[in-house]
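Written out below as structure tokens is the structure these notes cover.
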Amino acid sequence: MTPLYLIDDGSELPPSNHALNDPDGLIAVSESVTANLVWRAYHHGYYPCSPVDEEFTLWWTPSERMVLFPDNLHISKNFKKSLKRIIANESDPNASLQITTNLCFEKVIRSCATAQRSQEFDGNWISEDVIAAYSALHQQGLAHSFETWQDGELIGGLYGVKIGRIFCGESMFSKQSQASRIAFSHAVNFLANQGIMLIDCQQDSDYLRSLGATLIPRSEYELCLQTLSPENVAPTAWPAGRIAYAGQYLRYD
-15 MTPLYLIDDG SELPPSNHAL NDPDGLIAVS ESVTANLVWR AYHHGYYPCS PVDEEFTLWW
45 TPSERMVLFP DNLHISKNFK KSLKRIIANE SDPNASLQIT TNLCFEKVIR SCATAQRSQE
105 FDGNWISEDV IAAYSALHQQ GLAHSFETWQ DGELIGGLYG VKIGRIFCGE SMFSKQSQAS
165 RIAFSHAVNF LANQGIMLID CQQDSDYLRS LGATLIPRSE YELCLQTLSP ENVAPTAWPA
225 GRIAYAGQYL RYD
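Under our numbering, the first residue of the sequence shown is numbered -15, with each subsequent residue one higher.
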């Protein structure tokens, strides 16, 4: 029987071939979540996510990983008109709808925590420990947020962690139709222009597939980690403020 590992800040992380087959990819549990543990785990391809009311934090490395290569971002016909209108107004400092990065990281993660979802693994797994850990990574220049604003109100966004040339997306929320999709499309464009070559979306979903994400084997994802995210990589400069769509990576039906 494959053991389930209890990990903490100082423990050695288990090899991925020790992950369970049922449930697929469960590799370890921890009693708490810290910035250091998250950072170390990401470099092994492990991420935290727990069902509602789970006593421990569960860590996963699924046999297939949902990822998005930036130039595969898919813009549907229904979204195309909205996105073009947003892009056309981005030079206006008083535009009613604006997209930013790193303006309110903690507000974004707390909004993700309270977002209503239909899946078992919903935003409620984002505990105070998780918020503190990712906020600490943000303060270190390692975790980042993207925000969609409507008339000064935060209506959507997402957050994640940058490791080398990989961006590990964690969660997103939307208070209005298309708000998270707007943030995501701008984030992908921005990240690509920052040199990001792969966006880790973690879990399969129809929504992510509609955006162009695809499944790759765990072994292929681990190879990407080896080549694109050396463990000693230093945080890079990252602006905080309004961002505009640069034009490339814009594909329609």
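Where is the CB? At the ideal position from N, CA and C, for every residue including glycine.
Bridge partner(s) assigned by DSSP for leucine 57: Answer is none; leucine 57 lacks a bridge partner.
Go ahead and pull the three-state DSSP assignment for glutamine 123. Under the three-state reduction of DSSP output, glutamine 123 falls in the helix class.
Contacting residues, own chain, Cβ-Cβ under 7 angstroms from glycine 9 (five flanking each side not counted): Non-local beta-carbon contacts of glycine 9 in its own chain, meaning distances under 7 angstroms to residues more than five positions away in sequence, involve Ala3, Trp44, Thr45, Pro46 and Ser47 in chain order.
Could you tell me how far apart the beta carbons of leucine 182 and valine 51 are, in whole angstroms, since I believe they sit closer than 8 angstroms? Leucine 182 to valine 51, Cβ: 6 angstroms. Contact.
In chain order, what residues of the same chain have a beta carbon less than 6 angstroms from the beta carbon of valine 172, not counting five sequence neighbours either side? So the list reads Pro54 and Leu57, once near-sequence residues are dropped.
Between glutamate 131 and chain B, is there a C-beta pair that is closer than 9 angstroms? In the structure shown, chain B cannot be found, because there is only a single protein chain.
Mind checking who valine 92 pairs with in its DSSP beta bridge? Assignment of beta-bridge partners to valine 92 by DSSP yields no partner.
Quick check on the DSSP output: the alpha helix (DSSP H) that includes threonine 211 runs from which residue to which? Where threonine 211 is concerned, the enclosing alpha helix (DSSP H) stretches over 202 to 212.
What would DSSP say about lysine 146, mapped onto helix, strand or coil? Reduced to three states, the DSSP call for lysine 146 is strand.
Where methionine 156 and threonine 132 are concerned, what is the direct C-alpha to C-alpha distance, given to the nearest angstrom? The straight-line gap separating the alpha-carbon atoms of methionine 156 and threonine 132 is approximately 11 angstroms.
Cβ distance (whole Å) where isoleucine 83 is taken to contact histidine 170 below 8 angstroms: Isoleucine 83 to histidine 170, Cβ: 4 angstroms. Contact.
Around the Cβ of alanine 221, are there at least 16 other Cβ atoms within 10 angstroms (buried) or fewer (exposed)? Counting of Cβ neighbours within 10 angstroms places alanine 221 among the exposed residues, the total staying below 16.
For the alpha helix (DSSP H) containing tryptophan 23, name the first residue and the last one. Residue range 19 to 28 is occupied by the alpha helix (DSSP H) that includes tryptophan 23.
Quick check on DSSP: helix, strand or coil for serine 102? Reliability fails at serine 102, whose pLDDT of 46 lies under 50, so the model's placement of it is uncertain and no value is given.
Where tyrosine 236 falls: helix, strand or coil (DSSP): Its pLDDT being 41, under 50, tyrosine 236 is placed unreliably by the model, and the measurement read from it follows with that caveat. It is a strand residue.
What's the C-alpha gap between phenylalanine 40 and aspartate 76? Separation of phenylalanine 40 and aspartate 76 (C-alpha to C-alpha, rounded to the nearest whole angstrom) is 47 angstroms.
Can you tell me where the alpha helix (DSSP H) holding isoleucine 180 begins and where it ends? Isoleucine 180: not part of any alpha helix (DSSP H); DSSP gives it neither H nor E.
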